[in-house]
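J.: Pasting a structure below so you can have a look.
Take a look at the structure:
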C-alpha cells in the first residue's frame, strides 16, 4: 500500500543524489545526525503513515466531525494516529534542542511529512498547525509561555491553532475587530468572533492553544495595530495540569467540500458562556510587544505556506501513483494500428494519450516535491550556516520562492488530481476510488494560507521589487548556474533545455521591468495571477533541469523517467509561458477597466 502513497525511491534521489543532505551533518546544528538517522526517521514516517494515517482517510471523509452544541466529535482513529505521531517525537523533530527538539534538518523533515500528507492530509493538519504554533512561540514568546504552552505541545499533550480570519474580514486582516482588554494582572480579556479556524475545538488533546490576532485599546488602525495573544481552551493550572474552561466556544462548524476530517470552526471569544475568574472574556496572554502581532504571525504563516504547498504536492503525488497503478492494471482497447477484434486488449497505460496524462502528473508532482525539498535546504541554510552572507542568501531566495512553493503545487498538483480522475475514466468519478477525494481535498490549497491571488500580489508587488530587485537577481543567478551545469554535461538535449530556460528567465526580467516602468501599481498588479503562473513555470523548469543534471550519466528506468519528465516539461509546459508573458507585456486593462455592471 505504501507504494501508492509516496515514492521512497524519488525521495532518496532528491535528498541524497541531488541535494546531498548528508553534507549538513558537518554543521554544528546537525552534527548528531547521519545518513542512518535520516533513513530511520524516513522509514518511521513511512511506517506510521501507512499503518495509522492511510487506513482511515476515506472513513474520515465520509464521517466528518460533528458538533452537538457542546463538543466536537471526531473518529477515534484520528486520535490514535495523532497519538502515534506524537509518541514518535515527530512534533518536535525539526525544532531546537533548547525546547526539546531533535534538530532534524528541515529538508529531511519535509520529506517525512510528505508521507503523512499523502496518506491523510486531514488528520496530519492537526499536527501541522501544532508544529507551526510551537515554532512561532519558540521564536517570540517568553520563557514562561514556552514552558506552559510549547513544551506540552511538543509532548503531544496540547494541540495548536492559528485564529486570524473573522466573518467580516476574511483575508483582509486590517479589518479584524476582535478586542483585547488589558487586566490588572497582566493578562487580557478578548471579545470577538473568528471564522475558518481549523482544529478550533475537539477532544483530541488535553488542551488547545489558540494564537489569536486582536486589537488592544488605542491601537493604530490597519495591520499596524494588531497584537498576538495565546488564548488556551483551558487555563493552565499551577501543577502543569489544565484548569478552568476559558471563555471561548463555537458558534458552529463549517462543512467543507474536502479535507473534511479536519474540523473547521467559527469560534466566539468572550460571550460569557464561561467566566474564568468570575467575569466574561477569554483570557489571553500577550506574545511579545503590542501591535507587532502580524509580524509574529508571519512566522507561522510562512511556515504554513510551505506546509500547504507540501500538502498539495503530496495529494498530487499519491493521485498520480494510484492513476499509474490503475493504468497498468486496467485492460481496455487495442493499439491504434490493430485490425478488428483479433488483437487482445491492452493495458490503458499503453495508449499514448493516457501516457500523456500520466507524464503530466509525474512532471507536476515530482517537480513540486523537488521544489519543496529545495526550499527545505534554504530553511536549513538559515538555521545552520555560519557565514552571515549565506544566511542572507538563503533568506532572500526563500522570500521569492515561498509564493511559488505555496501556489504552484496548489494549482498544478490539483491539475494532476484532475488528470488522475480522467485516467480512471468513469470509475474515477465514483467514490470507489481515492482519486476523487484527493481532488476535493486538494481544492482547498489554492484558497487557504493566502489565496492564489494574494500570493501573486506578494510575488509581483513585494518579493521581486524589494531591495531594488535583489531576490529576483539572486534567483536568476542561481538559475544561471544550473544553465551552465547543464551545458557542461555536453549533452545536446540538456543544452537545448538550458537555452530554453535562459530565454524564459530573460522574459521574466523583461516583463517585470515593463510592468513596473511607470511605478503605477494598478496596471502592474492587475494581471498578477498570470505573472505568478508564468514565473512558477520558469522556476519549475529550472527545478527539472536541476534533476536532469543530477540524473545525467545514470542508467535505469528511474533515471529514464526523470529524463522523460524533463523532456515533457520543456516541450509541453514551459512553452505555456510565452502567451502569458505576451499578455503581461501588453499591460492589458481588461479586468482593471471592467464595469461591475458588465459581469
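Residue numbers (the working numbering): 0 to 598.
Positions of the beta carbon are idealized from the N, C-alpha and C atoms, including for glycine.
Just so it is clear, the structure is predicted and the values come from calculations on it, not from any experiment.
Please list the segments of the alpha helix (DSSP H) lying wholly inside the stretch 357–444, counting only runs of 4 or more residues, in order along the chain.
T.: Runs found: 387–423, 434–441.
J.: For the alpha helix (DSSP H) that contains residue 297, what are its first and last residues?
T.: First-last of the alpha helix (DSSP H) with residue 297: 292–328.
J.: From residue 152 to residue 389, what distance separates their C-alpha atoms?
T.: Rounded to the nearest angstrom, the two C-alpha atoms are 32 Å apart.
J.: Expressed to the nearest angstrom, what Euclidean distance is found between the alpha-carbon atoms of residue 511 and residue 539?
T.: So the alpha carbons of these two residues sit roughly 18 Å apart.
J.: Using the rule of at least 16 other Cβ atoms within 10 Å of the residue's Cβ for burial, across every protein chain shown, is residue 351 buried or exposed?
T.: With fewer than 16 Cβ atoms within 10 Å of its Cβ, residue 351 is classed as exposed.
J.: Does DSSP put residue 18 in a helix, in a strand, or in coil?
T.: In this structure, residue 18 counts as coil in the three-state DSSP scheme.
J.: My assumption, with CB atoms under 8 Å, is that residue 515 sits in contact with residue 525. Please give the rounded CB distance.
T.: Contact doesn't hold; Cβ gap of about 13 Å is too wide.
J.: Please return the same chain residues whose Cβ sits closer than 7 Å to the Cβ of residue 414, not counting the five positions on each side in sequence.
T.: Contacts found: 363.
J.: Between which two residues does the alpha helix (DSSP H) harbouring residue 139 extend?
T.: Note, residue 139: alpha helix (DSSP H), 120–139.
J.: Output the distance between the C-alpha atoms of residue 175 and residue 203, rounded to the nearest integer angstrom.
T.: The straight-line gap from Cα to Cα measures roughly 29 Å.
J.: What is the DSSP secondary structure of residue 617, reduced to helix, strand or coil?
T.: In the structure as shown, the chain begins at 0 and stops at 598. Residue 617 is therefore absent and cannot be evaluated.
J.: Is it right to say residue 455 is buried, meaning 16 or more other beta carbons lie within 10 angstroms of its own, or is it exposed?
T.: Buried, by the Cβ-count rule.
J.: In terms of residues, what are the limits of the alpha helix (DSSP H) holding residue 531?
T.: Looking at the DSSP string, the run of the alpha helix (DSSP H) that includes residue 531 is 527–550.
J.: At 4 residues or longer, what runs of the alpha helix (DSSP H) sit wholly inside the stretch 452–488?
T.: As far as the stretch 452–488 is concerned, its whole alpha helix (DSSP H) runs of at least 4 residues are 465–487.
J.: Excluding sequence positions up to five away, which residues of its chain have a Cβ less than 8 Å from the Cβ of residue 443?
T.: Here the set comprises 255, 256, 257, 258.
J.: Going straight from the alpha carbon of residue 3 to that of residue 324, what length do you get?
T.: Going by the C-alpha atoms only, they are around 8 Å apart.
J.: Which class does residue 209 belong to by DSSP, given the choice of helix, strand or coil?
T.: Reduced to three states, the DSSP call for residue 209 is strand.
J.: Please report the distance separating the alpha-carbon of residue 39 from that of residue 359.
T.: Rounded to the nearest angstrom, the two C-alpha atoms are 32 Å apart.
J.: Please state if the CB of residue 213 and the CB of residue 189 are separated by a distance shorter than 8 Å.
T.: Yes, the Cβ-Cβ distance between residue 189 and residue 213 is below 8 Å.
J.: In this structure, what does DSSP give as the bridge partners for residue 282?
T.: 188.
J.: Is there contact between the stretch 67–79 and the stretch 134–143, where contact requires at least three CB pairs shorter than 8 Å?
T.: Not touching, per the Cβ criterion.
J.: Rounded to whole angstroms, what's the CA-CA distance from residue 376 to residue 593? Just pull it up for me.
T.: Near 43 Å, if we compare the C-alpha coordinates of residue 593 and residue 376.
J.: Applying the 10 Å Cβ sphere with the 16-neighbour rule, what's the burial state of residue 408?
T.: Under this definition residue 408 is a buried residue.
J.: Quick one, are the C-beta atoms of residue 53 and residue 118 less than 8 Å apart?
T.: In contact: residue 53 and residue 118 (Cβ atoms closer than 8 Å).
J.: Using the C-alpha atoms, what's the distance from residue 242 back to residue 10?
T.: C-alpha separation (whole angstroms): 44 Å.
J.: So, helix, strand or coil for residue 152, using DSSP?
T.: Reduced to three states, the DSSP call for residue 152 is helix.
J.: Do you know offhand how far residue 590's Cα is from residue 270's?
T.: C-alpha separation (whole angstroms): 43 Å.
J.: Pick helix, strand or coil for residue 342, following the three-state DSSP scheme.
T.: Residue 342 falls in the coil class under three-state DSSP.
J.: Tell me the residue span of the beta strand (DSSP E) that contains residue 178.
T.: Run containing residue 178: 178–181, per the beta strand (DSSP E) assignment.
J.: For residue 184, is the classification buried or exposed, using 16 other Cβ atoms within 10 angstroms of its Cβ as the cut-off for buried?
T.: Counting Cβ neighbours within 10 Å, residue 184 comes out exposed, since fewer than 16 surround it.
J.: Judging by CA-CA distance, which residue of 477, 197, 494, 471 is the nearest neighbour of residue 507?
T.: Of 477, 197, 494, 471, the residue nearest in Cα terms is 471.
J.: Quick test of your reading: residue 59 and residue 77, contact by CB under 8 Å. State the CB separation rounded to the nearest angstrom.
T.: Their Cβ separation, rounded to whole angstroms, is 6 Å, which keeps residue 59 and residue 77 in contact under 8 Å.
J.: Relative to the alpha-carbon of residue 517, which residue among 586, 161, 541 has its alpha-carbon at the smallest distance?
T.: Per the Cα distances, 586.
J.: Around the Cβ of residue 597, are there at least 16 other Cβ atoms within 10 angstroms (buried) or fewer (exposed)?
T.: Per the 10 Å Cβ criterion, exposed.
J.: Within 10 angstroms of its Cβ, does residue 246 collect 16 or more other Cβ (buried), or is it exposed?
T.: Per the 10 Å Cβ criterion, buried.
J.: Per DSSP, what kind of secondary structure is residue 586 in: helix, strand or coil?
T.: DSSP places residue 586 in coil when its eight states are reduced to three.
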